[in-house]
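Chemist:
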Amino acid sequence: MAINAPTNRLWWKEPIHSIELGWIIIAFLWGLFMFFFMIAWHFIGDQNLSTETYRITTDQFQEKVEAFADEYAVKDANGEAVEINGTPLVAPPVGGDVYILGRLWEWWPAIELKKGQSYRFHISSVDWQHGFSLQPVNINLSVHPGLEHVLTLTPTKAGEYGIVCNEFCGIGHHTMSGVIRVVE
Amino acid sequence: MTAIEIGHIGTSGAQYQYRTCKFTGRRVERSAELLIRANAVAAVVFLAVGGLFGLLVALTRWPAVQLLPADWFYLVLTGHGANVLLFWIIFFEIALLYFASAVILGSRIATPKFAWLGFLLMIVGAVMANYAVLKGDSTVMFTSYPPMLAEHWFYLSLILFAVGALIGVIVFFATLVVAKAENTYNGSVPLVTFGAITAAIIAVFTLASGAIILVPTWLWSLGLISGIDTLMYKIVWWGMGHSSQQINVAAHISIWYAIAAMTVGAKPLSEKVSRFAFLMYILFLQLASAHHLLAEPGLSSAWKIVNTSYMMYLAVMASMIHGLTVPGAVEAAQRRNGYTRGWFEWLTKAPWGNPAFSGMFMSLVMFGFIGGITGVILGTEQLNVLMHNTIYVPGHFHGTVVAGTTLAFMAMTYIVVPLIFQRDIILPGLAKWQPYIFGLGAGGISLFMMGAGTLGVPRRHWDIAMTDAANAYEFSPAAYLMMGLNGISAIFAATGGLLFVLLIVGSVLFGRRLDVPGAKLNFPLHDDSKVVSQYGSEATFKLPGTVTLVTIFFLTFILYYFVNWKYLSEIWQFN
Ligand code: HEM
Ligand SMILES: [Cu+2]
Ligand SMILES: [Cu+2]
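As given, the protein sequences belong to chains A and B, one line each in that order.
Using numbering that gives the first Met the number 0, the final residue of the first sequence is 183, and nothing's skipped along the way.
Using numbering that gives the first Met the number 0, the final residue of the second sequence is 574, and nothing's skipped along the way.
1. With 8 Å as the threshold, decide whether the Cβ of B/ALA538 is near any Cβ in chain A.
2. DSSP three-state label for A/ILE25, please.
3. Beta carbons nearer than 7 Å to chain B: which residues of the segment 114-139 of chain A have them?
4. B/ILE201 to B/GLN245, Cα distance in whole Å?
5. Using a C-beta to C-beta distance shorter than 8 Å, which residues of chain A count as neighbours of B/PHE553?
6. Alpha carbon to alpha carbon, how far is B/TRP61 from B/ILE390?
7. Would you mind telling me which residues of chain A sit closer than 7 Å to B/LYS271, beta carbon to beta carbon, in chain order?
8. Does the Cβ of A/HIS129 lie closer than 7 Å to at least one heavy atom of ligand 3?
9. What's the gap between the Cα of B/HIS387 and the Cα of B/GLY443?
10. Chain A partners of B/PHE573, CB-CB under 9 Å?
11. Taking 7 Å as the line, does the beta carbon of A/GLY101 fall inside it for any heavy atom of ligand 2?
12. Report the residues of the segment 456-468 of chain B with a CB closer than 7 Å to any CB of chain A, ordered along the chain.
13. Along the segment 68-92 of chain A, where does the CB come closer than 7 Å to a CB of chain B? Name the residues.
14. Can you tell which of B/ASN470, B/LEU508, B/LEU548, B/LEU218 has the C-alpha that lies nearest to the C-alpha of A/LEU133?
15. Using a Cβ-Cβ cut-off of 8 Å, state whether B/ALA477 counts as contacting chain A.
16. Excluding sequence positions up to five away, which residues of its chain have a Cβ less than 7 Å from the Cβ of A/GLY171?
17. Report the option in A/GLU166, A/ASP96, A/TRP40, A/LEU31 whose CA atom is closest to the CA atom of A/GLU111.
18. 8 Å is my cut-off, CB to CB: does B/GLY358 come that close to chain D?
19. Quick check on A/SER141: does DSSP put it in helix, strand or coil?
20. Can you find at least 3 beta carbon pairs, one from the segment 235-255 of chain B and one from the segment 487-507 of chain B, that sit closer than 8 Å?
21. Give, in chain order, every unbroken run of the alpha helix (DSSP H) that is at least 4 residues long and sits entirely within the segment 97-135 of chain B.
22. Using the beta-carbon count (16 or more within 10 Å), is B/SER649 buried or exposed?
23. Going by beta-carbon coordinates alone, are B/PHE153 and B/TRP87 separated by less than 8 Å?
24. Look at the alpha carbon of B/ALA257 and the alpha carbon of B/PHE98, and state the distance between them as a whole number of angstroms.
25. Taking C-beta to C-beta, are B/THR399 and A/GLU19 nearer than 8 Å?
26. What does B/LEU74 pair with, by DSSP beta-bridge criteria?
27. With distances taken from CA atoms, which of A/ALA66, A/THR52, A/PRO154 is nearest A/LEU146?
28. Tell me whether B/SER147 counts as near ligand 3, meaning its Cβ is closer than 7 Å to at least one heavy atom of that ligand.
29. My guess is that A/VAL142 and A/GLY177 are in contact by the Cβ rule of under 8 Å, so how many angstroms apart are they, rounded?
30. I'd like to confirm something about A/HIS172: is its beta-carbon nearer than 7 Å to some heavy atom of ligand 3, or not?
31. Have a look at B/LEU165 and B/VAL272 and give me their C-alpha separation to the nearest angstrom.
32. Using DSSP's beta-bridge definition, name the partner residues of B/GLN333.
33. Return the chain-ordered list of same chain residues with a C-beta closer than 6 Å to the C-beta of A/GLN128, the five sequence neighbours on each side being excluded.
34. Report the rounded CA-to-CA distance for A/SER123 versus A/TRP107, giving the unit in angstroms.
35. Using the C-alpha atoms, what's the distance from B/PHE277 back to B/ALA538?
36. Which residues in the same chain as B/VAL203 place their Cβ atom closer than 7 Å to its Cβ, once the five residues preceding and following it in sequence are excluded?
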């Protein structure tokens, strides 16, 4: 019994049950397959998380985001900056850089993208850690203050997307939100 | 008082009090018994507190109920994580380590005074942590990611608790040495003890990582260090956080073997394979902490792949081996017990009315199907991005640590109370149902949180309607449904948990005394004298039931794995 010393003192000489052996081989091969599939997806798949990251101070990052928001701010017919519920809307050029900043408690600014085009996203926080959760796409990333994460994103469908925060960031965590609009 | 035989071991010259257990024939030493009792009682108390917090959290996350205000929700959630994941589980594990060393080996416990010191530190740490959390300025979740800062008491309390636990682990190792030196057993240690040894070795690594990260964080909270690197914190923290889960796995798998042995007389199919599988946990587990870091910036893909696959899949393989050998051993034993008809008579005629057995078997099934499979999915580099930090993650680990570990620990308690407290389980008619109610609830909260997570619902989030947000995102009605079903399941889980606490406390206080001649157990153990064969598989070479079960498991695993890749391939492209 498992709670008694093995009755056979030379237990390591006992034969292995054939079912056990078969299962060990299957489990091992399956593990090997999953290992290679992860690597393979880097070559055959279109969804691989970029690891490009830079150390940056929170002030520097904030400056970059503000410069970006000024430069590509969307203006209406009167030349007034367009806002979505108080957040300025910014339309970066196709293929260009996009800066998004997480802070207590918003994702800033709101972004307008073109469907099927690729953009270089720069994401960071200026205070605590946040969770960049793009919905309903369900892309979820950790965001650290002091680390600028750069990744290329290509929206595949037009529509209105939300950014939720899914890293606990204090009492206003559940109010932290942002917008990405994808147009044809 | 309970000593039937007063022993006297000559080597050290000291007097130790032993009794012989009339149900298992084992020698039980008095201080070992008292230490196991104290740690088990503390465990159940913190389960009661933490479980209540869990119910409050789940009822708050049920959008139609939203029980607590936001600040209380986050506070109670911090308390829930700490009380159940740390205090309930680790107190129970210390009791288990003493059981697997002193009781199973028939030895005295080494340095009981030192063990009591460890217990005291753990109690002080746990009480202090609850105080710090309830006071309201340490609402940082039990992960306490910087630069969010808790009050310094919070970190200190966790450090004290960890030091106390480390003392327990040292006493365990010392007891093994004593047992060997005093020749209390023959040959190799039993498999259950072996499993406990792997758990204890991993515990040393875990507590070391904990010290490396919590001590500087504590100094930072005191203003003695200027800052903590956020990424480094996560890497080291999960060196503790992940491997502590591995302690749980090694511990609850040891329990599966122990309960299978004590309720149906199961023996491992082969000692070699089961021990080898335990060893793999030690060799391949630690670096698997990487699977908590797959969505972090600044870590290379190669590092992520190596640490989640090579290391983790060999550990996964070890769990899959236990997933076969435990039901396999039960099937072999039951066939030997005479239940040989068809493929499944061994299972249908198993002692389902014994909460130890039913709890063990449900833990086995749910840990594999719910916790295990989803853990591998979450641990896959690219797939992780689909659910990182959504409520899918708590869904997954309620499958491992609640439906798996907690249910197994509850099942074991139904054996520990009669054997160590020498009191019989009260209200057996009710006790019989407890694992089913809790199991149903635990399985439910796991599945429904996972369902909500695939719909994007974030974890640790007070209000998915985002009423006060500038740009509220509108979650689908299905997500609301899932959170409601989660709330209903939570009521089942909490009912099962409450029942457990009442039955155990009631049994300890008012259960029929078993230290009188002729006492019988309400839930009898397997009669060992009927076990004849040399090792589990000898008499029964065919295990068609187990083969069917693992085949279903494997097909489910493959199917779910590829469904997730399909889902990933359809979302926005990113690289
Ligand atoms: C009555 C039984 C239980 C219920 C109803 C329950 C429910 C929940 C819910 C709804 C969450 C919150 C998810 C979120 O908002 O992110 C949660 C978190 C958690 N639960 Fe439980 N739970 C129960 C028992 C347990 C047990 C026994 C354990 C451990 C052994 C456990 C460990 C945790 C942990 C570690 C967290 C994460 C806390 C955090 O995010 O900081 N739970 N639970
Ligand atoms: Cu946030
Ligand atoms: Cu947040």
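Backbone N, C-alpha and C fix where the C-beta goes; we use that ideal spot for every residue, glycine too.
Predicted, not measured: the structure shown is a model, and the values here were computed from it.
Modeler: Walking through what the data contain:
1. With a pLDDT of 48 at B/ALA538, under the threshold of 50, the predicted position of this residue should be treated as unreliable, and no value is reported.
2. helix
3. TRP127, GLN128, GLY130, SER132, GLN134, PRO135, VAL136, ASN137, ILE138, ASN139
4. 7 Å
5. ILE25, TRP29
6. 13 Å
7. TRP10, TRP11, GLU13, ILE15
8. yes
9. 21 Å
10. ASP45, GLN46, ASN47, LEU48, SER49, PHE120, ILE138, LEU150, THR151, LEU152, THR153
11. yes
12. PRO457, ARG458, ARG459, HIS460, TRP461, ASP462, MET465, ASP467, ALA468
13. ILE83, ASN84, GLY85, THR86
14. B/ASN470
15. no
16. LEU103, TRP104
17. A/ASP96
18. Reference to chain D is not applicable here, since the protein chains of this structure are A and B.
19. strand
20. no
21. 111-134
22. Outside the modelled stretch of chain B, which goes from 0 to 574, sits residue 649 of chain B, for which no answer is possible.
23. no
24. 11 Å
25. no
26. In the DSSP output, where bridge partners are listed per residue, B/LEU74 has none listed.
27. A/THR52
28. In the sequence as displayed, the identity of residue 147 of chain B is Met instead of Ser. Result no, Cβ not under 7 Å from ligand 3.
29. Not confirmed; about 11 Å, so no contact.
30. yes
31. 29 Å
32. Answer is none; B/GLN333 lacks a bridge partner.
33. HIS143, GLU166
34. 11 Å
35. In this predicted model, B/ALA538 has a pLDDT of only 48, less than 50, meaning its place in the structure is not dependable enough to derive any value.
36. VAL168
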